[in-house]
Amino acid sequence: MRRFARNTTLLIGLLLAGIARAEIVVVVNANNPVSSFSHRELVDLYMGRNLHFPDGSLILRLDQTPESAVRNEFYNKLVNKSVAEVNAYWAKLLFTGRATPPQTMGDTQAILSAVQSNHNAIGYIDSKDLTDGVKVVGRVN
2 MRRFARNTTL LIGLLLAGIA RAEIVVVVNA NNPVSSFSHR ELVDLYMGRN LHFPDGSLIL
62 RLDQTPESAV RNEFYNKLVN KSVAEVNAYW AKLLFTGRAT PPQTMGDTQA ILSAVQSNHN
122 AIGYIDSKDL TDGVKVVGRV N
């Protein structure tokens, strides 16, 4: 009976952990004409291979802080790399002058504020933090 209770508790805990884990979404200003980005387009955008919206306007890419759990999950899901590996990637590109990394913001609220006030900004947040003034253009799974 004890084993059953322990296993049941463990199973419930695992299920709740999966439910509690929110999805990482990529957001732009609500008035931006872009409706969605594919996973490949998001990789190209966040790894510096594409810096423009389809209309040709320059994208202001925004990153969470390096110690952010959201940033870690975002890059793990997007390119299967840790934040340290992504930082090494950007260090190499910066050194060779080939590209610059996304602008690092203070926290999720800073990302939301920047995206709401800048038509060309794009950022990623936990879906539980979605607010008016932004729209989802991608999901990182």
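Reading the sequence shown from the start, the letters are residues 2 to 142 in this note's numbering.
Heads up, the beta-carbon is just placed ideally off N, CA and C, and yes, glycines get one too.
Spatial distance of Arg47 from Thr132 (CA atoms): Reading off the sequence, residue 47 comes out as Tyr, not Arg. Their Cα atoms are separated by approximately 22 Å.
Assigned exposure category for Leu17 - 16 Cβ within 10 Å defines buried: Its pLDDT being 44, under 50, Leu17 is placed unreliably by the model, and nothing is read from it.
Selected residue, minimal CA-CA separation from Leu63, among Asn81, Leu79, Ile25, Pro103: Pro103
Minimum C-alpha distance to Ser69 - residue among Ser128, Asn121, Asp108: Asp108
Local Cβ density within 10 Å of Phe75, reported as buried at 16 or more and exposed below that: Using a 10 angstroms sphere on the CB of Phe75, the tally of other CB atoms reaches 16 or more, which defines it as buried.
Limits of the unbroken beta strand (DSSP E) element including Asn88: Counting along the chain, Asn88 falls outside any beta strand (DSSP E), though it belongs to the alpha helix (DSSP H) covering 84-97.
Three-way DSSP call (helix, strand, coil) for Thr66 in this model: coil
Of the residues Asp130, Asn32, His53, the one placed nearest Glu42, counting alpha carbons only: His53
Limits of the unbroken alpha helix (DSSP H) element including Arg41: 40-47
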